[in-house]
Amino acid sequence: MSLAYARNDWYVIADRNSLEQGPRRTRLLGDEIHVSGSYAHPVIKDASGRMLPTQIKFDHVWTTVGDRPRPLFDIPEGNEPGRRLVPCGMVRVKCSPLRAVENFLDIAHFPFVHTDVLGAEPYTEVEPYKVEIREQNDEVWATKVKFFQPLAAKSAAGGITTDYEYRVPAPTTAVLYKTCPPKPEAQDVITIFVQPRSETECDVWPWMALYDDDTPYADLVQFQQMIFLQDRSILENQRPIKLPLDPRMEIPTRSDLTSVAYRRWLKKRGAFYGALAETL
Amino acid sequence: MTWRPVGLTRDVPAGRVMRAWVDGQDAVVWRSTRGVLSAWDNRCPHRGMALSHGFVRGEDLACLYHGWHYGAEGGVCSLIPSHPDLTPPDTIKTRAFQSAESDGVIWVRLEGSPDLAPPAIAPGLDPLRSFEIRAREGDIAHGAAAKPFEPAILSLLFNPIAHDRTLVTVLIDAQATSDQRKLASRWCEDVRREVEA
Ligand code: FES
Ligand SMILES: [Fe+2]
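Chains as they are written, first to last, in our numbering: chain A, 112 to 391; chain B, 27 to 223.
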């Protein structure tokens with residue numbers, strides 16, 4: 112466990128909806144946090160009553176408990192005109208926040224976990240793709256990822272091969288860029304902001320920036336929630352609960368390049384909160 | 027290590043996957059299409075998913091997460107669906123335990139000399155049912171003794187699965203009538219209710 116690193120990151124702890132329902136208590140990095148105020152003026156306090164800094168970004172309320180927080184990354188697509196911004200509520204998962212991110216970076220499970228939605232047998236093969244650590248901002252990127260999907264998004268009818276890119280700007284955030292060949296210029300952005308309640312429990316806040324003006328908001332949210340509930344049935348049944356960083360503990364294959372890079376990147380930064388680093 | 031009774035043969039027909047606990051070890055017990063019984067660590071070597079959520083494909087158990095296959099003979103990985111043309115190295119395999127069946131009861135043991143058979147059940151007994159009680163073995167034995175079952179001979183096997191949970195396997199006189207079996211099932215429920223209260 113390394114709280115020192117984790118304390119200086121920013122985390123989502125609320126969205127507009129949850130704030131409108133009045134003051135609430137939540138947890139962040141094992142400690143209780145009080146959330147009140149309005150979306151325009153959120154008031155975040157720790158258990159001792161200390162005011163915590165806040166910022167509103169990507170339709171969510173962010174806070175940090177660190178003394179020297181790293182700057183919050185940007186997702187520039189959120190400012191592009193023509194995009195529809197869709198906060199999708201929250202799903203609580205009893206798993207390590209890092210396992211939740213790793214699962215989001217994984218496509219090989221689509222045919223088995225999101226059967227007939229994001230994938231289907233016999234289309235299980237994962238073509239080679241590219242993974243890199245981008246030096247200038249120290250982020251994990253996976254590009255040229257392709258996968259066949261019977262029903263890739265709300266806007267797609269029938270099966271298509273979808274192109275993906277993945278970006279990990281912080282240990283508990285993953286961004287997915289998704290392109291359907293019929294409209295290659297329109298790259299949907301789907302993100303998860305993971306709030307680490309503890310090392311073994313998290314609240315996942317999905318957020319999307321889409322070129323889709325037609326699908327009703329409720330349908331978009333419902334679709335994402337369904338996907339995450341399917342993922343939850345996996346995430347709550349992995350052992351050990353914390354993400355092992357020792358490469359001998361779990362056996363990757365070629366399609367796991369993103370996961371391998373993510374784990375190495377965590378290790379290099381010392382981002383061990385939610386990781387099993389003891390055996391290293 | 028001791029053989030532990032984890033369930034009844036008839037509760038794990040071909041194609042069925044079950045979770046079991048053996049001396050604190052989380053285990054998966056499953057039967058292939060052709061009838062081979064296996065007991066393994068309930069953990070996929072790929073990314074730790076519980077194999078008890080998996081599904082049987084012929085002679086393999088497939089993990090629910092990414093569909094990796096593990097063969098009934100030896101637990102070696104035989105298919106990685108994301109790379110269907112790859113022959114997985116045979117170092118990828120599940121941790122296998124010993125399993126055996128006798129008189130309709132499934133037994134699992136974490137380790138021990140392979141030629142030692144599970145304890146024989148007293149002759150003339152049939153398995154009745156196998157179920158969980160939220161209590162310790164001692165308290166269940168005590169509760170059962172305080173409520174003797176008159177209509178037929180019963181025998182109880184215990185498998186502790188947590189500090190306050192026990193799997194109880196009940197055997198009944200093979201000559202017992204279906205009415206006696208029904209009464210015995212009701213007796214089991216009564217004992218459970220009393221011990222859990
Ligand atoms: S965790 Fe079992 S196949 Fe991936
Ligand atoms: Fe998923």
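Glycine residues also receive a C-beta, built at the ideal position from the N, C-alpha and C atoms. Remember, it's a predicted structure, so these values are computed and weren't measured experimentally.
Going by DSSP, residue 53 of chain B is part of the beta strand (DSSP E) stretching over 51-57. By the Cβ-count criterion, residue 220 of chain A is buried, with 16 or more other Cβ atoms from all chains shown falling within 10 Å of its own Cβ.
Neighbourhood of residue 122 of chain B in chain A, by CB distance below 7 Å: empty, with the nearest CB roughly 16 Å away. If you check the CB distance, residue 188 of chain B and residue 134 of chain B do not come in under 8 Å. Scanning its chain for C-beta atoms nearer than 6 Å, with the 5 sequence neighbours on each side dropped, one finds around residue 61 of chain B the residues 40, in chain order.
Within the same chain, 160, 161, 162 come within 7 Å of residue 190 of chain B by CB-CB distance, once the 5 residues on both sides are set aside. Residue 255 of chain A and residue 240 of chain A do touch by the CB rule: their CB atoms are close to 5 Å apart, below 8 Å. Listed along chain B, no residue sits closer than 7 Å to residue 309 of chain A by beta-carbon distance, the nearest being about 19 Å off. In this structure, residue 349 of chain A sits near residue 74 of chain B, with a CB-CB distance shorter than 8 Å. The criterion of a C-beta distance shorter than 8 Å is not satisfied by residue 42 of chain B and residue 30 of chain B.
Boundaries for residue 103 of chain B: no alpha helix (DSSP H) harbours it, while the beta strand (DSSP E) harbouring it runs 103-105, taken from the DSSP string. Nearest C-alpha to residue 204 of chain B among B:223, B:76, B:220, B:177: B:177.
With a beta-carbon spacing of about 5 Å, residue 242 of chain A and residue 253 of chain A fall inside the 8 Å limit used to define contacts.
Within chain A, the residues whose beta carbon sits less than 8 Å from that of residue 69 of chain B are 350, listed in sequence order. For the segment 93-108 of chain B, the beta-carbon criterion of a distance under 8 Å to any beta-carbon of chain A is satisfied by 93, 106, 107, 108.
A straight-line Cα-Cα distance of about 12 Å links residue 209 of chain A and residue 378 of chain A. Counting only residues of its own chain and dropping the five nearest sequence neighbours on each side, residue 118 of chain A has a CB closer than 7 Å to the CB of 140, 176, 177.
Taking a Cβ-Cβ cut-off of 7 Å, residue 44 of chain B has no neighbours in chain A, whose nearest Cβ is about 15 Å from it. For residue 53 of chain B, the closest Cβ of chain A is not nearer than 8 Å.
Put simply, the backbone Cα of residue 319 of chain A is about 14 Å away from that of residue 290 of chain A. Under DSSP, residue 198 of chain B forms a beta bridge with B:152, B:180.
Residue pairing by DSSP places residue 313 of chain A opposite A:204, A:307 in a beta bridge. At least one heavy atom of ligand 2 sits closer than 7 Å to the Cβ of residue 224 of chain A.
Distances from the CB of residue 205 of chain B to the heavy atoms of ligand 2 are all 7 Å or more.
Look at residue 220 of chain A: its beta carbon is less than 7 Å from one of the heavy atoms in ligand 2. Just measuring C-alpha positions, the residue of B:173, B:132, B:35 sitting nearest residue 185 of chain B is B:132. Proximity of chain B to residue 225 of chain A at the Cβ level (cut-off 8 Å) is not reached, the minimal Cβ distance being about 12 Å. Excluding residues up to 5 positions away in sequence, 217, 219 lie with their Cβ nearer than 8 Å to the Cβ of residue 367 of chain A in the same chain.
Residue-level contact by beta carbon holds for residue 73 of chain B and chain A, with a gap shorter than 8 Å. Taking a beta-carbon distance threshold of 8 Å, residue 365 of chain A counts as an interface residue toward chain B. For the segment 143-174 of chain B, the set of residues with a beta-carbon nearer than 9 Å to any beta-carbon of chain A is empty.
When secondary structure is reduced to three states using DSSP, residue 120 of chain A falls in the coil class, being assigned neither helix nor strand. Take the alpha-carbon of residue 188 of chain A and the one of residue 288 of chain A: they are about 10 Å apart.
Counting along the chain, the unbroken alpha helix (DSSP H) around residue 212 of chain B starts and ends at 204-222.
By the neighbour-count criterion, in which 16 or more other beta carbons inside 10 Å mark a residue as buried, residue 222 of chain A falls on the buried side. For residue 252 of chain A, the enclosing beta strand (DSSP E) covers residues 250-260.
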